[in-house]
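Chemist: I am attaching a structure below and will ask some questions about it afterwards.
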Amino acid sequence: MKYSKPRGTRDFLPGEMAARRYVEQMIRRVFIRFGYKEIATPTFEHLELITAKSGEDIVAHLYHFKDKGGRDLALRPELTAPVMRLYVNELQNSPKPLRLYYFGNCFRYERPQAGRYREFFQAGVELIGSSSPEAQAEVIALVNAVLEELGIREYELHIGNIGILRKILAENGIGEEVQAHIMGVIDKGDEAQLEEELNRLELPEEEKEVILGVLELKGRRGEVVERAEALLAGRESVLKELRSFEEILDALESFGVKNYHLNLGIARGLDYYTGMVFEVYAYKLGAEKQICGGGSYSLAEVFGGKPVATSGFAFGFDRLLLALEKEGVKLPDTERTLFMVIPMGRELVPYAIEVASLVRRSYVCELEVMRRKVKKALAYADAKGIPYVILVGEEIKEGKVLLKDMRAKEQREVNVEELESVLAAIAKGNP
RNA sequence: GCCACGGUAGUGUAGCCUGGUUAGCACAAGGGACUGUGGAUCCCUUAGCCCGAGUUCAAAUCUCGGCCGUGGCCCCA
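Note that the working numbering numbers the first sequence so that position 291 is 294, with each residue one more than the last.
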């Protein structure tokens with residue numbers, strides 16, 4: 004093999020691609036039904052856009068380069084930043100809310116492993132302009148709707164709220180920057196380091212215990228809320244956070260989503276998340292089991308826009324496909340060839356072309372172009388699982404072709420004028 | 001960036017430990033026998049030791065490095 008593909012990239016073969024397109028279409032249909040409109044942004048952006056959102060450290064995980072004009076550019080590592088840039092550039096004065104969706108490839112320079120590639124695909128939405136509970140709940144409901152539509156069963160939806168933690172830290176006079184740093188440590192799940200950081204902030208022992216206690220709040224809603232109320236007793240502003248979180252959950256339940264887990268230990272490590280955050284895990288997947296992540300955030304101002312409440316999420320499209328595969332969900336081949344036209348002699352090729360052109364106006368149809376003998380051409384159709392073959396022989400001169408059912412091993416003569424209606428009947432029986 | 005295991009035609013493999021014939025087999029692919037009818041049979045063809053260096057008279061085989069793959073760690077916007 005002279006050239007191999009770059010590390011962490013993939014070639015997608017025909018059957019696989021048909022399955023990917025099928026899943027992509029299903030996701031799009033659900034997004035569209037919720038009123039989201041597709042947008043697309045460039046494959047690469049200014050490096051600064053990425054670092055503005057995610058910090059300088061991110062550069063180590065980027066594909067970045069200088070173009071011939073000396074500009075620092077980077078292949079997009081995710082789509083939230085480009086979408087919010089687009090919003091700030093073009094759509095700030097559009098009627099609110101804005102419901103936008105995207106589907107695209109992203110690039111990260113990381114060590115490939117199961118469910119992790121250097122070029123991967125994300126599908127997601129941003130709901131811009133509302134901070135209402137129902138707006139926040141809608142994006143979670145949308146995730147749920149997509150997963151139901153796809154038929155994925157083995158997943159867990161975990162919902163958290165970093166507003167509560169932020170509030171406790173703020174009440175202790177801790178600024179937003181340090182808050183963000185603490186969130187990062189929490190996201191890592193390194194308890195020893197978290198203890199250390201909290202000690203460094205010289206928080207009273209009681210405050211530390213409350214913070215650590217909040218992180219332990221996981222489980223069903225009723226139980227978590229009860230424990231949270233006990234833990235946060237007397238802290239009115241923090242309890243207010245909790246109550247507005249509950250309003251989101253109320254709305255979510257109105258949307259019909261009830262099978263979620265609360266987890267107030269989710270931090271998502273991002274300083275622009277403001278309140279509600281959520282993640283979806285497919286436990287059959289192994290180390291890279293998160294198939295979706297999102298929440299409510301404030302990012303427009305980072306890109307020079309007016310602050311605007313936004314909620315959104317991104318699906319790891321490749322992981323969705325892996326999850327479907329692991330669960331044995333059968334995906335239909337949307338590109339299946341239904342018909343094949345075979346000329347029964349060289350002089351009949353022009354007629355065969357005409358017949359194939361006729362069939363191709365409505366159906367997937369292959370034309371024998373290898374100049375093979377009928378026998379070999381039929382063997383090909385058989386090997387490819389093409390269910391119907393149209394043989395073009397001398398009868399074509401009387402306006403007739405032979406229509407062969409490969410599975411039933413039967414064939415009959417059909418007038419070319421009637422072909423369209425005959426094929427329509429066949430296509431109806433072969434969805 | 002780190003760890004483990006792996007890499008022989010398009011695919012799956014034998015050979016590697018114990019260096020030594022022309023690197024074997026199956027399937028797949030293209031062609032042919034078979035003259036207007038598909039899973040059979042026979043024949044032919046195409047096609048391979050991941051790359052590089054080292055050891056050696058001699059390397060698919062031993063050593064080292066790189067690349068790639070699989071899984072895990074770190075990270076995961």
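Beta carbons are placed, not taken as given, at the ideal position from N, Cα and C, and that holds for glycine. Given the structure is predicted, the values throughout are model-derived calculations rather than measurements.
1) Figure out for me which residue from L245, K412, A411 and V352 has the closest Cα to the Cα of I399.
2) Spatial neighbours of R375 within its chain, please: CB distance less than 8 Å, with the 5 preceding and 5 following residues excluded, ordered by chain position.
3) For S314, report the span of its beta strand (DSSP E) as first-last.
4) Tell me, please, which residues DSSP counts as bridged to E41.
5) Which residue's Cα is closest to the Cα of P346: R339, Y354 and N92?
6) Between which residues of its own chain and E81 is the CB-CB distance below 7 Å, once the five residues before and five after are set aside?
7) Since D75 sits in a beta bridge, which residues does DSSP pair it with?
8) Among L302, Q95 and A359, which has the Cα closest to the Cα of G315?
9) Please work out which residues of its chain come closer than 7 Å, Cβ to Cβ, to I177, disregarding the five sequence neighbours upstream and downstream, and give them in chain order.
10) Could you check the C-alpha separation between E328 and E420 for me, to the nearest Å?
11) Please list the terminal residues of the continuous beta strand (DSSP E) segment that includes A126.
12) Between F123 and Q116, what straight-line distance do the alpha-carbon atoms span, to the nearest angstrom?
13) In the DSSP assignment, what residue or residues form a beta bridge with Y276?
14) Using DSSP with H/G/I as helix, E/B as strand and the rest coil, what is E398?
15) Which residue marks the beginning of the beta strand (DSSP E) containing D14, and which one marks its end?
16) Could you give the distance in angstroms between the alpha-carbon of G222 and the alpha-carbon of P434?
17) Work out the CA separation of T340 and L145 for me, nearest whole Å.
18) Could you tell me the distance, in whole angstroms, from the CA atom of E357 to the CA atom of R363?
19) Measure from the alpha carbon of T313 to the alpha carbon of each residue in R102, Y25 and K40, then state which is nearest.
20) Could you please give the first and the last residue of the uninterrupted alpha helix (DSSP H) stretch that includes I171?
21) If A241 and I167 are in contact, beta carbons under 8 Å, what's the gap, nearest whole angstrom?
22) Could you pull the start and end residues of the beta strand (DSSP E) that Q414 belongs to?
23) Between the Cα of R349 and those of L160, G268, E371 and F320, spot the shortest distance and give me the residue it belongs to.
Modeler: Taking the definition as stated:
1) Here residue 399 refers to the residue found at position 396 of the first sequence. It is V352.
2) Sequence index remark: in the first sequence, residue 375 carries index 372 (1-based). Y383.
3) For the purposes of this step, residue 314 is taken as residue 311 along the first sequence, with counting starting at 1. Where S314 is concerned, the enclosing beta strand (DSSP E) stretches over T313 to G319.
4) Here residue 41 is taken as the residue at index 38 of the first sequence, counted from 1. Y104.
5) Walking along the first sequence from the start, residue 346 turns up at place 343. The option with the nearest alpha carbon to P346 is Y354.
6) Within the first sequence, residue 81 is the residue found at index 78, counting from 1. Hits under 7 Å: C109, Q125 and A317.
7) The residue given as residue 75 occupies position 72 in the first sequence. Paired residues: K69.
8) Taking the first sequence and counting its residues from 1, one reaches residue 315 at position 312. If we check each option's Cα against that of G315, L302 comes out closest.
9) For the purposes of this step, residue 177 is taken as residue 174 along the first sequence, with counting starting at 1. L204.
10) Numbered from its first residue, the first sequence carries residue 328 at position 325. Numbered from its first residue, the first sequence carries residue 420 at position 417. Cα-Cα distance, rounded: 44 Å.
11) Here residue 126 is taken as the residue at index 123 of the first sequence, counted from 1. First-last of the beta strand (DSSP E) with A126: E122 to I131.
12) Numbered from its first residue, the first sequence carries residue 123 at position 120. Numbered from its first residue, the first sequence carries residue 116 at position 113. Taking the straight line joining both Cα atoms gives about 12 Å.
13) For the purposes of this step, residue 276 is taken as residue 273 along the first sequence, with counting starting at 1. Y276 pairs with Y300.
14) Here residue 398 is taken as the residue at index 395 of the first sequence, counted from 1. DSSP places E398 in helix when its eight states are reduced to three.
15) On the first sequence, position 11 is the one that residue 14 refers to. It is not in any beta strand (DSSP E) - D14 carries neither H nor E in the DSSP assignment.
16) Along the first sequence, one-based indexing puts residue 222 at 219. Along the first sequence, one-based indexing puts residue 434 at 431. Roughly 44 Å between the two C-alpha positions.
17) As a position in the first sequence, residue 145 is number 142, starting the count at 1. As a position in the first sequence, residue 340 is number 337, starting the count at 1. L145 and T340: Cα-Cα distance of roughly 34 Å.
18) Taking the first sequence and counting its residues from 1, one reaches residue 357 at position 354. Taking the first sequence and counting its residues from 1, one reaches residue 363 at position 360. C-alpha separation (whole angstroms): 10 Å.
19) Residue numbering aside, residue 313 sits at position 310 when the first sequence is read from its first letter. The shortest C-alpha separation from T313 is found at R102.
20) Translated into the one-based positions of the first sequence, residue 171 becomes position 168. I165 to E174 is the extent of the alpha helix (DSSP H) around I171.
21) As a first step, residue 241 is located in the first sequence; it is residue number 238 there, counting from the start. As a first step, residue 167 is located in the first sequence; it is residue number 164 there, counting from the start. According to the sequence as given, residue 241 is Val; it is not Ala. Between I167 and V241 the Cβ distance is about 6 Å, and since that is below 8 Å, they are a contact.
22) Start at 1 with the first residue of the first sequence, and residue 414 comes out as number 411. From DSSP, the beta strand (DSSP E) with Q414 extends over E413 to N418.
23) What you label residue 349 is simply residue 346 of the first sequence in a count that begins at 1. Comparing Cα positions, the closest option is E371.
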